[in-house]
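Protein sequences, first through last, are from chains E and F.
Going by numbering that gives the first Met the number 0, the residue at position 279 of the first sequence is 278; the numbering climbs one at a time, nothing skipped.
Going by numbering that gives the first Met the number 0, the residue at position 50 of the second sequence is 49; the numbering climbs one at a time, nothing skipped.
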Amino acid sequence: MSSPSTNIEPTGPRPHPWLEWDRVVVYAFLTLTALYFLAPLYIVIITSFKDLDHIRDGNIFWPQTAYPDGVHFYDPWRRAWWEVCTGLECHGISPNFWNSVKVTVPSVIVSVAVALTTGYALSNWPFKMSEAFFTVLIVGSFVPYQVMLYPMVLLTKNMGIYSTLTAVIFVHTVFGLPFLTLLFRNYFASLPVELFKAARVDGAGFWRILIQIFVPMSLPILTVAVILQVTGIWNDFLFGVVFAGLPNYPMTVKLNNIFTSSFGVKEYNVEMAATILTGAVPLLIYFLSGRYFVRGIAAGAVKG
Amino acid sequence: MTTFDTALVGASSQPPHFQQFSNLVRYGVAGLMAVIGALALIFDFPFAQLGVFQPMMYALGLVVVCLVIDVPFRKLNYQLGMIGVYLFGAAAAWVAWYSGGNWLSQDAADFIWKVTALFSFLFTIAAGVWNAPFKNFAAKTAAIPMMYIVLFAFIGCSLWTVLYSTSDARIYPLYTYVGLKQYYRLFGAEIWHIAVKNVLIYIALSTTGAMVAGFLLAVFMDQKIRLEGLFRTIYLYPFALSFIVTGHVWAWIFSPEYGLEKSVRQLGWTTFSFDWIANNDMAIYCVIIAGLWQGTGLVMALMLAGLRGIDEEVWKAARVDGIPKWRTYISIVIPMMRPVLITTLVFVAAGAFRVYDIVVALTDGGPGISTTVPSQYVYKYLFSGNIGQGLAAATTMLVVSAVILIPWVYVEFVKGKQIR
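The following block contains the structure:
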């Protein structure tokens, strides 16, 4: 094996050493920022498992490891779910959890269905003035809700649904429409137009094309829309406090009331447990759906 | 154009219409209907006292108008549809008038009648001016909820707000014209000045902070690292939380007697001081810190999507030319990402402009009034018996956001779409 072409000198890029300084810097930066983002969650979780004495004397960074007799680590959570008071009413945050469910499920179904149809009509069957309507819709979605808040109150009073869950559902449908329509319109516009044309040639009409071709094809963006709406509606505060009425308050409103209206000793651990309970549903959805969540945000914002 | 041409074009593209009245008459009648409709919408006229003659007059009037403004009634479906709308309106009025709230609540019946009446008004106007509500009929039917929402919720409600901001409505929304009195009062109020100052600080710092930090994170994330999914999940999870949750979490950390200050002192640094949340001048920066914690991940995700959209060839070309990495980012990548940057900027700034929940949860405008923001000002006056004042503040917010947004939305979403 001594032909001149066998060269022992190495060619190609130099193999990476196990430890490079620029990689260390990158990972150090990312880890430190990740710790900063995780710290509040950690602090809140350990606080929710402490008893009040430990909160008063201890350090927010360290968890409580030993409990006095008769005190359980889950006590604050139990109190937050079933017992904590706002004003004279002491049923914990659980009724409001169900209120939130009762608002979120119908709002998501109605708003996604309406937006799907509208987005399809706007992208594939444009009519005179449709772009003008769409422009107003998008501008409207950026205007602060406070501008339309009071007339909406009058409108729902007129409809006889003010201070019921129906009103909250109605308002979420109205104000969820712009972003969802944008999402569906852009998605349908990105589908190959030949598909639509072929269906037209075969004699399918507006509704038939929608139901038999576009709805089955829109499954990815449908998932994205549902995820965004569930988290968005669950996290809403303003519409809940204005339109729901006292017995129908969703979870976020109740949470805020727990913080502002507690008599006597402030139970910080219970408050923190209630906070985690309120954040649990969107967090769970986020962790389970991860990629779709990011994709939805990117689809709405970047593609434009 | 000769008669022959007109006939040809008409035959090929237009359905047969009645051509009995001149355009002037048609537009005149349609305009009149529009004025009546607008008056009805704004002043609740003429529906305030619902009588039995009103629906009849209304139906009769609409039929006349339809004849005059040339609605193509030839097709049976269209006729039936139109008649159905009128019958429905009349039935709703009848229920409202005679049932006395037995079948439907009085409010609901009243509302259905009003909406149906207004819808048929608008429909007839559209038939006159637009002259094509029956072309592409299915798509327009499907878009009816959207049209309703645009006309009533977005345009109608905004106009109502603007109009009633010139009234001295207090607990009840009654209209008495007082000119710009509410605005003089608004711009003279100290709390409004504080609110405007706060929202400007918030927009400036949280937008810059989120953009810079988000871009930096995205650049580091783009170095072909391991565990990218994990890091992205960690940076973005606060965005899934409610502002109410974020606010209370950070209020706990900022709290001087239980939070960071006490704990750091306990660890041995006894002079450590961090009581911004109780400090009039510094409390707004607490809101910014919490807002950045929640919002930076979103910017990172958007920027990362933008960075991934840049062609690999660009990087190769820069490397061949011997341009250092940081220089490539600043001189090549950032200019290429301009559309993404602008979109993100608008999203973040619009979110910052309407900041409300996080302030309510974190400081509730305190200490004192030092962290009040405009949205809170509006809310406070609307629901504490000074509607006119709240609406004046809301109108100010509307004007500011409209002036900034309309050109951007037009270019970004409407014009840009057609060019691509």
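Beta carbons are placed, not taken as given, at the ideal position from N, Cα and C, and that holds for glycine.
Every value quoted in this text rests on a predicted model; they were computed, and no experiment measured them.
Residue i classed as buried or exposed, judged by whether at least 16 other C-beta atoms fall within 10 angstroms
i	result
residue 256 of chain F	exposed
residue 358 of chain F	buried
residue 128 of chain E	exposed
residue 307 of chain F	exposed
residue 8 of chain E	exposed
residue 278 of chain E	buried
residue 89 of chain E	exposed
residue 233 of chain E	buried
residue 159 of chain E	buried
residue 211 of chain E	exposed
residue 61 of chain E	exposed
residue 122 of chain E	buried
residue 50 of chain F	Its pLDDT being 47, under 50, residue 50 of chain F is placed unreliably by the model, and nothing is read from it.
residue 286 of chain E	exposed
residue 173 of chain F	exposed
residue 220 of chain E	buried
residue 171 of chain E	buried
residue 333 of chain F	exposed
residue 202 of chain E	exposed
residue 163 of chain F	buried
residue 185 of chain F	buried
residue 193 of chain E	exposed
residue 149 of chain E	buried
residue 184 of chain E	buried
residue 266 of chain E	buried
residue 183 of chain F	exposed
residue 231 of chain F	buried
residue 292 of chain E	buried
Beta bridge counterpart(s) of residue i as assigned by DSSP
i	result
residue 304 of chain E	Past the boundaries of the shown model lies residue 304 of chain E; chain E is included only from 0 to 303, so the question cannot be answered.
residue 166 of chain F	F:176
Using a Cβ-Cβ cut-off of less than 9 Å, give me the residues of the region 213 to 238 of chain F that come near chain E, in sequence order. 215, 216, 219, 220, 222, 224, 225, 226, 228, 229, 230, 231, 232, 233, 234, 235, 236, 237 and 238
Looking at chain F, which residues of the region 54 to 66 of chain E have a Cβ within less than 7 Å of any of its Cβ atoms? 54, 58, 59 and 60
Are at least three pairs of beta-carbons, each pair with one atom in the region 348 to 357 of chain F and one in the region 135 to 143 of chain F, less than 8 Å apart? No: the two stretches stay apart, fewer than three of their Cβ pairs being nearer than 8 Å.
Going along the region 166 to 179 of chain F in order, which residues come within less than 7 Å of chain E, judged by CB to CB distance? 172
Of all the alpha helix (DSSP H) runs that stay within the bounds of the region 107 to 132 of chain E, which reach a length of 4 or more residues? none
Does the region 111 to 124 of chain E touch the region 341 to 348 of chain F, meaning 3 or more C-beta pairs lie closer than 8 Å? no
Residues of the region 201 to 219 of chain E with Cβ closer than 9 Å to any Cβ of chain F, in chain order: 204, 205, 206 and 209
Count the CB pairs spanning the region 285 to 292 of chain F and the region 236 to 255 of chain F that are closer than 8 Å, and state whether there are at least three. In this structure the region 285 to 292 of chain F touches the region 236 to 255 of chain F; the number of beta carbon pairs closer than 8 Å is three or more.
Are the region 228 to 242 of chain F and the region 289 to 299 of chain F touching, with three or more C-beta to C-beta distances below 8 Å? yes
Assess contact between the region 96 to 109 of chain E and the region 223 to 230 of chain E, defined as three or more Cβ pairs (one per stretch) separated by less than 8 Å. Is contact present? yes
Is the region 154 to 174 of chain F touching the region 132 to 149 of chain E, taking contact as three or more C-beta pairs under 8 Å? yes
What residues in the region 256 to 285 of chain F bring their beta carbon closer than 8 Å to a beta carbon of chain E? Going along the region 256 to 285 of chain F in chain order, one finds 257, 258, 259, 261, 262, 265 and 266 with a Cβ nearer than 8 Å to chain E.
If contact means a Cβ-Cβ distance below 9 Å, which residues of the region 144 to 159 of chain E contact chain F? 144, 145, 146, 147, 148, 149, 150, 151, 152, 153, 154, 156, 157, 158 and 159
Report the start-end ranges of each alpha helix (DSSP H) in the region 36 to 86 of chain E that is 4 residues or longer and not cut off at the edges. 51 to 56 and 74 to 77
So, do the region 376 to 387 of chain F and the region 309 to 321 of chain F have three or more beta carbon pairs nearer to each other than 8 Å? As far as the Cβ criterion goes, the region 376 to 387 of chain F does not touch the region 309 to 321 of chain F, which means the pair count is below three.
Three CB pairs or more closer than 8 Å across the region 35 to 51 of chain E and the region 264 to 272 of chain E: yes
Taking 8 Å as the threshold, find out whether the region 137 to 149 of chain F comes into contact with the region 117 to 127 of chain E through three or more Cβ pairs. Taking 8 Å as the limit for Cβ pairs, the verdict is that the region 117 to 127 of chain E does touch the region 137 to 149 of chain F.
When you check each C-beta in the region 253 to 274 of chain E against every C-beta of chain F, which residues fall closer than 8 Å? 254, 255, 258, 259, 267, 270, 271 and 274
Residues, ordered as in the chain, of the region 138 to 155 of chain F that lie near chain E by beta-carbon distance below 8 Å: 138, 139, 141, 142, 144, 145, 146, 148, 149, 151, 152, 153, 154 and 155
Is there contact here, the region 183 to 198 of chain F with the region 264 to 281 of chain F, by at least three beta-carbon pairs under 8 Å? no
Would you say the region 141 to 160 of chain E touches the region 395 to 409 of chain F, given that touching needs at least three Cβ pairs under 8 Å? Touching, yes, given that three or more Cβ pairs across the two stretches are closer than 8 Å.
Using 8 Å as the threshold, is the region 237 to 246 of chain E in touch with the region 186 to 204 of chain E, meaning 3 or more CB pairs across them? In this structure the region 237 to 246 of chain E does not lie against the region 186 to 204 of chain E, because fewer than three pairs of beta carbons, one per stretch, are closer than 8 Å.
Runs of 4 residues minimum, wholly inside the region 158 to 211 of chain E: which ones carry the alpha helix (DSSP H) assignment? 164 to 189, 192 to 200 and 205 to 208
Positions along the region 365 to 385 of chain F whose CB lies within less than 7 Å of some CB in chain E: 374, 377, 378 and 381
Identify every run of the alpha helix (DSSP H) within the region 211 to 240 of chain F, keeping only runs that are complete inside it and at least 4 residues long; order them along the chain. Fully enclosed alpha helix (DSSP H) runs of no fewer than 4 residues occupy 227 to 235 of the region 211 to 240 of chain F, in order along the chain.
Taking only beta carbons into account, state which residues of the region 184 to 200 of chain E come closer than 7 Å to chain F, listed in chain order. none
Interface positions of the region 178 to 206 of chain F facing chain E (Cβ-Cβ less than 7 Å), listed along the chain: Listed by position along the chain: nothing, the set is empty.
Short of 7 Å Cβ to Cβ, which residues in the region 309 to 328 of chain F face chain E? Under the 7 Å Cβ criterion, the region 309 to 328 of chain F contributes no residue.
Pairs of beta-carbons, one from the region 173 to 180 of chain E and one from the region 141 to 150 of chain F, closer than 8 Å: are there three or more? yes
What are the residues in the region 332 to 354 of chain F lying within 9 Å of chain E by C-beta distance? Sequence-ordered contacts of the region 332 to 354 of chain F with chain E read 338, 339, 342, 343, 345, 346, 349, 352 and 353 [C-beta pairs closer than 9 Å].
Pair every Cβ in the region 252 to 259 of chain E with every Cβ in the region 81 to 101 of chain E, then say whether three or more of these pairs are closer than 8 Å. yes
Determine contact between the region 297 to 306 of chain F and the region 363 to 376 of chain F, defined as no fewer than three beta-carbon pairs at a distance below 8 Å. With the cut-off at 8 Å, the region 297 to 306 of chain F and the region 363 to 376 of chain F do not touch.
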